[in-house]
Amino acid sequence: MVSVIDFLVELGNSIVGMARIIGLEVALGDPLSFVTILLGALIMAFSVGLLGYLALGALGRELGIVTPTPRRNPSETR
Numbered sequence: 349m350v351s352v353i354d355f356l357v358e359l360g361n362s363i364v365g366m367a368r369i370i371g372l373e374v375a376l377g378d379p380l381s382f383v384t385i386l387l388g389a390l391i392m393a394f395s396v397g398l399l400g401y402l403a404l405g406a407l408g409r410e411l412g413i414v415t416p417t418p419r420r421n422p423s424e425t426r
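First residue of the sequence shown? That's 349 in the numbering used here, and the numbers climb one at a time after it.
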């Protein structure tokens, strides 16, 4: 029977191996693969970062942390 520790170690080894294969064999295969992988990584990093920012803001609001919000002048609302 496989223990949780064995599973986590194998998962970590698989992640490192996958990153090595993608980084060395696939991305360096030709320039188009490199650009595609780089663009995909940037899109993923942006979307995960934005979601994290919004989630932390919502959590802060629920905990009662007040953040400054931009306000309009009365002359701009007309």
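We put the CB at the ideal spot given by N, CA and C, even for glycine.
* To do: Under 7 Å Cβ to Cβ from Ala375, same chain only, skipping five residues before and after it: list those, please.
  => The answer, listed in chain order, is Ser381, Phe382 and Ile385.
* **Cα-Cα separation between Ile370 and Val364, rounded to whole angstroms** => 10 Å
* How would you write the range of the alpha helix (DSSP H) that Thr417 sits in, first residue to last? -> Segment: none, Thr417 is in no alpha helix (DSSP H) and carries neither H nor E.
* Expressed to the nearest angstrom, what Euclidean distance is found between the alpha-carbon atoms of Ser362 and Gly408? -> 36 Å
* Asked: Can you give the Cα-Cα distance for Ser395 and Leu411, rounded to whole angstroms?
  -> Between Ser395 and Leu411, the alpha-carbon positions lie close to 24 Å from each other.
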